[in-house]
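A.B. asks: Submitted below is the structure of interest, expressed as structure tokens.
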Amino acid sequence: MAQQMETQIESAVWEKLQDVKDPEIPAVSMVEMGMIHAVDEQDGVVTVQVLPTFVGCPALDIMRNEIIRQLQTVEGVQEVRVTFVYDPAWTSERISEAGREKLRQFGIAPPPVNHKPGDPWQVDCPFCGSPYTTLDNLFGPAACRSILYCKQCKNPFEALKPI
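Numbering-wise, the sequence shown is residues 74 to 236 according to this note's numbering.
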């Protein structure tokens, strides 16, 4: 079975995509969030497949425009096409370790690893690391986040919902 080699332009595109931040969480890139599903380049035409974190995400146009803006600066890129795909669905398991750490540093608790739907949801406080946290409001400032409270350091904080 022949394996397709990544082109030099595709490598440069992946590197440049590290500069495209999640519009709702600017501390992490869309690559670190696991939102970039695939990159393909054919004769200078680059197609980027993006997995939105939620259906109906209001930031899709912002994401598309920023990807196009960033990738137009890559040598050899003549055209950029961005498509949003929902199969496979994005899951919180796609967030890289670097992305999880950047979320913590930004004050957002990353979702638990290997969470199974229906299981209790427990996250540690991103400020003090305490496991003594409670869910304050399931609905946070974005569909993908909730508001929690740390009983140890007494800080409210946001957490990404496990999906």
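Even for Gly, the Cβ is constructed at its ideal location relative to N, Cα and C.
From the DSSP output, which residues share a beta bridge with V119?
C.D. replies: In the sequence shown, counting from the first residue as 1, residue 119 sits at position 46. E114, V153.
A.B. asks: Leaving out five residues before and five after V155 in sequence, what residues of the same chain have Cβ atoms less than 7 Å from its Cβ?
C.D. replies: Taking the sequence shown and counting its residues from 1, the one referred to as residue 155 is at position 82. If we look at V155 and ignore the five residues flanking it on each side, its Cβ neighbours are V121, V123, R137, I140, I141.
A.B. asks: Enumerate in chain order the residues of its own chain whose CB-to-CB distance from K89 is below 8 Å, with the five nearest sequence positions on each side excluded.
C.D. replies: Reading the sequence shown from its first residue, position 16 is the one you call residue 89. The answer, listed in chain order, is Q143, L144, T146, V147.
A.B. asks: My output table needs one value for E231: the three-state DSSP class, helix, strand or coil.
C.D. replies: Position 158 of the sequence shown, counted from the first residue, corresponds to residue 231. Residue state, collapsed to three classes: strand.
A.B. asks: Once the 5 residues before and after S84 are set aside, which same chain residues still bring their CB inside 8 Å of it?
C.D. replies: Position 11 of the sequence shown, counting from 1, holds the residue named residue 84. Here the set comprises nothing.
A.B. asks: On the CB-based measure, 16 or more other CB atoms within 10 Å of its CB, does L211 come out buried or exposed?
C.D. replies: As a first step, residue 211 is located in the sequence shown; it is residue number 138 there, counting from the start. It counts as exposed.
A.B. asks: Assign A85 to one of three DSSP states: helix, strand, or coil.
C.D. replies: Here residue 85 refers to the residue found at position 12 when the sequence shown is read from its first residue. Reduced to three states, the DSSP call for A85 is helix.
A.B. asks: Spell out a yes or no on whether the segment 163–172 and the segment 95–114 are touching, meaning 3 or more CB-CB pairs, one atom from each, closer than 8 Å.
C.D. replies: As far as the Cβ criterion goes, the segment 163–172 touches the segment 95–114, which means the pair count is three or higher.
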